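Report on the following structure.
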Amino acid sequence: MIDIPFGRLELLMALSELGGPDSEKMAGIGLKVNLIGVELLPADRALKNIKIATWHGISLEVLINSPNYAILCEEYTEYGIRTWIDRMQKEVGLTEPQAWAIVAGIRGMLD
-17 MIDIPFGRLE LLMALSELGG PDSEKMAGIG LKVNLIGVEL LPADRALKNI KIATWHGISL
43 EVLINSPNYA ILCEEYTEYG IRTWIDRMQK EVGLTEPQAW AIVAGIRGML D
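So that you can map any letter, position 84 of the sequence shown is 66 in our numbering, and since no number is skipped, the others follow by simple counting.
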């Protein structure tokens, strides 16, 4: 699991800066944040496996039959989360704590 470089309190404060899930500011960035997340980490397992195999430079068959399948998936997921954070900062204008707070909230890592 990826380590979040901020504590729970810092993340909650970063979320409060955005005004909460029903705020106008969150409504403005929500779609972009979700599109980036879905692009990098699709919920559909088949699509995600294709992304993982491509990122690792291996075939889908090699990925699926690999004894290291879980490790390969975790490595890509960490890459996907870090890329998502970077893109939210660059494309949406969020601070690093705000970006981490949104990802942590969406992925259930804030509980």
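Built from N, CA and C at the ideal position, the CB exists for glycine as well. Since this is a predicted model, take the numbers as computed values, not measurements.
- For M91, there is no enclosing alpha helix (DSSP H), as DSSP marks it with neither H nor E.
- With fewer than 16 other CB atoms across the displayed protein chains lying within 10 angstroms of its CB, R(-10) is exposed.
- Scanning its chain for C-beta atoms nearer than 7 Å, with the 5 sequence neighbours on each side dropped, one finds around R69 the residues I18, in chain order.
- CA-CA distance, E56 to T36, rounds to 14 Å.
- The C-beta distance from L23 to G62 rounds to 5 Å, short enough to meet the 8 Å contact threshold.
- Distance from the CA of V44 to the CA of L54, rounded to the nearest whole angstrom, comes to 11 Å.
- T77 sits close to A(-4), with the two beta carbons spaced by under 8 Å.
- Around the C-beta of P49, fewer than 16 other C-beta atoms lie within 10 Å, and the residue is accordingly described as exposed.
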